[in-house]
Amino acid sequence: MRARRYVRRDHTRRSMQNGTAPTTRKRSQAPMVGREVMPTSPVKPRALGKGAQVAFVAPSRPVTPDSLATASTIIGEWGLIGTNRHLVPGGRGYLAGETDTARAAKITEALCDPETDAIWCARGGYGAGRLLPLIDWERARRMARPKLITGYSDITALHLAIAHELGWITLHGPVAALLKADGPTISRDSLRRVWTDTEPLGILPVPDESDGWQGQIRVTRTGIATGRLTGGNLALVASLVGTPWALQGNGKLIILEDVDESPYRIDRMLIQLRQAGTFDGCRGIVFGSSPTCETVKDSRSSLTLFDVLDELLGDLGIPVVYGWPIGHTDHQWTLPLGAMATLSVEGDGQSSTLRIDESATMDERRG
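Taking numbering that gives the first Met the number 0 as reference, the numbering of the sequence shown is continuous, increasing by one, and the terminal residue is 366.
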């Protein structure tokens, strides 16, 4: 089937012509749509050494300290110290804490805490996007020392906001409450290496059946591309279109993933991103393994997920690959968002690689 082309109207440019942006803004005002602070070389945190403190935070769904015991034990074996001092207490419904303001205050405190070396998001779910206008970014710019911030799924909202507001490298990787001591070794090893190593990761290893991996690699378009990593959960990336924290794809390698979404919903979100110009100037796209999105959950006729990816991403003229261990899978890479990487997509995908060319951390350790 011939891929359709989608043309967007530049609503952002048109709206900016209607007035002049102020030279300063109060904390209650949102920054200009499309603004991106991240410099050519993003700000790197220090690697973690023995005794470094890792603060658990709950920007999304509720968690209890007990649910973080396994994560505390795992990182304790690495010589790191988990702390709950920035964990918002209580919750209401699907949200941690009693109010959005309380959650946002805890995130601001964790960002600015001089004793905290890394921030590990406890769970995804929903709620991080509600915090973006409430976090005190001005205070963080004045007081915060760069920290390793890790999570995925709903945490995509924080990744994109921190890139825009602070310019830090952040880590798309496991959430604390779901990391398993007896789970696939690749998830723990990848996280530990990014946290503690000061060297680039190089070519990322793809797990095999001996580690319980059953993912399939599928190529939409071959090619080689280099750029800074950005992205995360597709639903979150789509939800931020039109906000100050929307993903800017120009010159980037975009990673996407999702869970429990039918192909038509993936279709709708990709259409939204195309029409918003998110993929304009993008160097390449990696769609992480999303097996629960591959099949239709009822009897309706449907395109497959691969039909959707081929039709909506295949004509962009850039390499596109599906199926690597990113996001909602027990086998999970930890990826440094903001770091330079090279995507090489070949043949049937089995020889394709993602190479991380830049370290996520400064060449010194915090501990």
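Cβ coordinates follow ideal geometry from the N, Cα and C atoms, glycine included.
Residue interval of the beta strand (DSSP E) (run including residue i)
i	result
Q52	52-56
T352	352-355
G368	There is simply no residue 368 to check, as the chain begins at 0 and stops at 366 in what is shown.
L255	251-256
I73	Taken as a continuous stretch (DSSP letters only), I73 belongs to no beta strand (DSSP E), being part of the alpha helix (DSSP H) at 68-76.
T82	80-82
I118	117-120
Coarse secondary structure for residue i, derived from DSSP in three states
i	result
A224	strand
M37	The pLDDT assigned to M37 is 48, lower than 50, so where the model puts this residue is not dependable; a value taken from the coordinates is nonetheless given after this. If DSSP states are grouped into helix, strand and coil, M37 belongs with coil.
R299	coil
V236	helix
R141	helix
R60	coil
T23	Here T23 scores only 35 on pLDDT, less than 50, and its place in the model should not be relied on; the value that follows carries that caveat. T23 falls in the coil class under three-state DSSP.
H10	Here the model assigns H10 a pLDDT of 39, short of 50, so the residue's position is not dependable, and the following value carries that caveat. Here H10 sits in helix by DSSP.
R282	coil
G128	helix
L94	strand
V218	strand
M15	Any reading at M15 must be qualified, since the residue scores a pLDDT of 38, below 50, and its modelled position is unreliable; no value is offered.
E293	coil
A245	coil
V307	helix
L133	coil
A180	coil
L315	coil
E208	helix
D329	coil
D347	coil
D259	coil
For residue j and residue i, believed in contact at Cβ under 8 Å, the rounded distance
i	j	result
V320	G348	6 Å
L252	L233	L252 to L233, Cβ: 15 Å. No contact.
I106	I134	5 Å
A224	I317	6 Å
I154	C120	5 Å
M361	A46	7 Å
T115	A109	6 Å
D283	L342	Before going on, a small fix: residue 283 reads as Gly here, not Asp. Right, the Cβ-Cβ distance comes to about 4 Å (below 8 Å), so this counts as a contact.
K179	T69	7 Å
V373	L170	Residue coverage of the chain in this structure runs from 0 to 366, which leaves residue 373 outside it and unanswerable.
I185	D210	6 Å
G250	G226	5 Å
G287	R220	At roughly 17 Å, the Cβ-Cβ gap does not stay under 8 Å, so G287 and R220 are not in contact.
Delimiting residues of the alpha helix (DSSP H) encompassing residue i
i	result
P335	First-last for P335: 334-336, but that is the beta strand (DSSP E), not the alpha helix (DSSP H).
Y263	262-275
V320	Unbroken run through V320 is the beta strand (DSSP E), 319-323; no alpha helix (DSSP H).
A104	99-111
H158	155-164
For residue i, the residue or residues it bridges with in DSSP
i	result
T169	L336
G287	W323
R45	M361
V193	Partner(s): none; V193 has no beta bridge.
G201	I355
S186	Looking at the DSSP assignment, S186 forms no beta bridge with any residue, so it has no partner.
L342	A224, L353
T229	I253
Residue i Cβ short of 7 Å to the ligand PLP heavy atom set
i	result
T98	With respect to small molecules bound, the structure shown includes none, and the ligand PLP cannot be examined in it.
Between the region 298-309 and the region 322-330, do at least 3 Cβ pairs fall closer than 8 Å?
-> no
Touching by the beta-carbon criterion (3+ pairs, under 8 Å), the region 37-56 and the region 79-90 | yes
Within the chosen definition, does the region 169-176 reach the region 147-157 through at least 3 CB pairs nearer than 8 Å?
-> yes
Take every Cβ of the region 343-362, pair it with every Cβ of the region 216-234, and state whether three or more of those distances are shorter than 8 Å.
-> Short answer: they touch.
Please confirm if the region 156-163 is in contact with the region 235-243, defined as three or more CB-CB distances below 8 Å between the two stretches.
-> yes
Cβ contact (3+ pairs, closer than 8 Å) linking the region 60-78 and the region 93-102 = yes
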